[in-house]
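In what follows, a structure is listed as structure tokens, so that the remarks can point back to it.
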RNA sequence: GAGCGUGUAGCUCAGGGGUAGAGCAUCUGCCUUUUAAGCAGAGGGUCGAUGGUUCGAUUCCAUCCACGCUCACCA
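Residue numbers (the working numbering): 29 to 518.
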């Protein structure tokens with residue numbers, strides 16, 4: 029750092045502004061490679077980027093600069109640059125430069141830019157973790173001593189992005205996923221809306237909220253745990269389809285698949301039911317997979333996941349029967365506990381039928397569903413916002429999409445009977461009174477909205493972070509969130 | 001929240017009760033087509049923090065902090 033300060037001072041003394049105002053770039057690295065032609069006259073370009081390596085040989089040097097699309101080699105000669113070549117001697121890996129020059133091919137065959145003019149655009153004062161690499165005879169990129177410390181990578185994501193180009197690709201894909209979802213929904217006429225992040229009551233999911241305080245009103249507000257209840261209010265208001273892609277916040281543990289703030293896409297479509305939504309989500313996710321990776325198939329860890337529709341659909345009971353040989357249909361709580369016991373599962377004594385079934389499913393079925401699978405018809409106890417099944421008592425019209433052993437989407441035929449909804453909320457309040465901090469809160473205004481009448485509606489939620497994990501083959505949510513939550517540095 | 005593990009130079013890592021090591025990076029010199037450039041030389045560390053044991057601790061012990069993995073929790 030001190031040395032670089034000295035260099036900075038010397039550059040200033042040479043009458044060079046180390047922090048330029050702009051640079052008239054005409055080309056990116058990759059575009060130059062694409063358009064290069066050995067037989068054509070040399071093309072003049074202006075490129076800019078960060079110096080990533082330097083090879084000095086007295087009165088001539090090579091360096092690689094990195095721009096947003098890749099790297100390109102620059103050849104600098106004292107004969108061509110004069111005073112600026114001396115300035116170049118004061119430049120380091122990490123500095124951002126602009127180069128005017130012509131494109132040529134070196135003796136070693138690398139397409140490079142022969143610098144005719146050099147400008148310093150930003151002097152770097154902090155040494156970059158230098159990653160050396162070479163391409164072996166098979167064309168594989170070998171990286172020596174990569175910048176791999178996860179704590180540093182997450183805390184200083186800017187450095188991670190500079191040094192680890194594959195990280196950049198993950199976030200480019202993430203943006204593509206979101207823009208594809210948006211385009212897909214817009215094309216079908218659904219309206220993108222924004223609903224409150226700060227809510228006087230939180231709802232739409234089972235989770236503990238973050239609480240904050242509004243000074244002027246002197247009231248506590250909650251950061252939303254879901255968008256659901258506000259979006260359905262908009263269906264009451266007469267929109268045919270509304271969707272929102274936004275951050276939700278849940279005040280719970282963090283691990284490989286959970287970050288306290290995460291991105292959710294929710295969509296509600298009037299006059300549709302969950303059967304319609306199954307086809308919708310198949311089309312949506314297969315389109316997204318195809319747009320992002322150019323194929324419906326994606327490698328996730330040691331599995332290959334194929335999003336080509338149609339996906340397998342089976343009921344939760346059938347899935348449990350298939351994977352455990354046990355039939356849960358019509359069983360009472362005592363019988364279910366016995367079955368759970370036989371399967372070697374420990375189920376808390378206080379929980380009800382729904383939770384026992386959910387436990388069996390989560391442990392014995394879900395992890396083994398690798399290909400996209402639609403699991404339908406969940407126990408009513410777990411789903412206070414879903415409509416009762418039209419002919420299966422005790423169940424609701426709900427489905428989840430399981431991919432690579434994890435829940436990716438959750439959808440229902442939305443409950444639009446205000447009296448039933450009130451009864452369900454009251455059940456939740458009883459759970460809350462018994463100490464379940466994650467039980468839903470009764471929302472009088474939401475009930476009032478339903479009392480005005482909500483058309484039959486299908487709703488869907490997709491965890492964008494988890495979707496990104498699958499489509500980019502990342503095993504931690506922290507690798508698909510630019511700035512994941514960390515404890516403060518001390 | 002629990003268990004296990006990690007923390008040493010800018011980065012990646014060795015080491016080990018007696019004042020600290022490598023490669024790359026950095027600095028100096030040579031080098032006008034190099035590419036993990038090369039050659040010769042040099043500098044760089046509160047060994048995560050705080051206590052304890054010891055003549056002596058970076059090393060052993062305890063506590064704390066941060067991170068990772070697994071589990072628990074979690075739609």
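Every residue gets a Cβ at the ideal spot worked out from N, C-alpha and C, and that includes glycine.
Per DSSP, which residues does residue i bridge with? Please list them.
i, result
"residue 438", "428, 489"
"residue 219", "270"
"residue 331", "328"
"residue 85", "88"
Give the range of the alpha helix (DSSP H) segment to which residue i is assigned.
i, result
"residue 451", "446 to 461"
"residue 475", "472 to 480"
"residue 318", "302 to 321"
"residue 247", "It is not in any alpha helix (DSSP H) - residue 247 instead sits in the beta strand (DSSP E) that spans 247 to 251."
"residue 193", "193 to 215"
"residue 265", "Neither: residue 265 is in no alpha helix (DSSP H) and is coded neither H nor E."
"residue 388", "381 to 392"
"residue 344", "344 to 352"
"residue 369", "361 to 370"
"residue 443", "That residue, residue 443, is in no alpha helix (DSSP H); it is neither H nor E in DSSP."
"residue 179", "178 to 183"
Using the Cα positions of residue i and residue j, report the straight-line distance between them to the nearest angstrom.
i, j, result
"residue 171", "residue 159", "7 Å"
"residue 101", "residue 61", "11 Å"
"residue 391", "residue 355", "16 Å"
"residue 341", "residue 435", "14 Å"
"residue 187", "residue 89", "25 Å"
"residue 493", "residue 280", "16 Å"
"residue 486", "residue 441", "5 Å"
"residue 511", "residue 499", "19 Å"
"residue 320", "residue 495", "11 Å"
"residue 398", "residue 190", "34 Å"
"residue 203", "residue 367", "45 Å"
"residue 149", "residue 386", "58 Å"
"residue 241", "residue 249", "6 Å"
"residue 46", "residue 119", "10 Å"
"residue 429", "residue 306", "9 Å"
"residue 66", "residue 59", "15 Å"
"residue 302", "residue 161", "51 Å"
"residue 357", "residue 252", "36 Å"
"residue 70", "residue 64", "9 Å"
"residue 513", "residue 80", "29 Å"
"residue 451", "residue 180", "50 Å"
"residue 423", "residue 405", "6 Å"
For residue i, count neighbouring C-beta atoms within 10 Å of its own C-beta (all shown protein chains included) and say buried if the count is 16 or more, exposed if not.
i, result
"residue 426", "buried"
"residue 348", "buried"
"residue 407", "buried"
"residue 432", "buried"
"residue 112", "buried"
"residue 247", "exposed"
"residue 224", "exposed"
"residue 417", "buried"
"residue 227", "buried"
"residue 449", "buried"
"residue 258", "buried"
"residue 480", "exposed"
"residue 381", "buried"
"residue 200", "exposed"
"residue 237", "buried"
"residue 400", "buried"
"residue 473", "exposed"
"residue 476", "exposed"
"residue 136", "exposed"
In terms of residues, what are the limits of the beta strand (DSSP E) holding residue i?
i, result
"residue 112", "It is not in any beta strand (DSSP E) - residue 112 instead sits in the alpha helix (DSSP H) that spans 111 to 117."
"residue 89", "88 to 95"
"residue 58", "Segment 57 to 63 is the alpha helix (DSSP H) holding residue 58; no beta strand (DSSP E) there."
"residue 406", "401 to 407"
"residue 105", "98 to 105"
"residue 160", "160 to 163"
"residue 144", "139 to 150"
"residue 42", "That residue, residue 42, is in no beta strand (DSSP E); it is neither H nor E in DSSP."
"residue 289", "289 to 298"
"residue 410", "Here residue 410 belongs to no beta strand (DSSP E), and DSSP marks it neither H nor E."
"residue 128", "124 to 133"
Requested in this report: Check whether the segment 454 to 470 touches the segment 170 to 190, counting contact only when three or more Cβ pairs, one atom from each stretch, lie closer than 8 Å.
Outcome: These segments do not touch.
Requested in this report: Inspect the CB distances between the segment 213 to 220 and the segment 254 to 272 and report whether three or more fall short of 8 Å.
Outcome: Yes, they touch.
Requested in this report: Count the CB pairs spanning the segment 43 to 54 and the segment 65 to 80 that are closer than 8 Å, and state whether there are at least three.
Outcome: When Cβ pairs closer than 8 Å are counted between the two stretches, the segment 43 to 54 is seen to touch the segment 65 to 80, the count reaching three or more.
Report task. Say whether the segment 204 to 215 touches the segment 309 to 316, bearing in mind that this needs 3 or more beta-carbon pairs closer than 8 Å, one atom from each stretch. Result -> The count of Cβ pairs closer than 8 Å, one atom from the segment 204 to 215 and one from the segment 309 to 316, reaches three, so the stretches are in contact.
Query raised in the report: Are the segment 357 to 372 and the segment 329 to 338 touching by the rule of at least three beta carbon pairs closer than 8 Å?
Result: Result no; under three Cβ-Cβ pairs closer than 8 Å.
Query raised in the report: Do the segment 96 to 110 and the segment 79 to 88 touch if we need at least three Cβ pairs shorter than 8 Å?
Result: The segment 96 to 110, when compared against the segment 79 to 88, does touch it at the 8 Å Cβ threshold.
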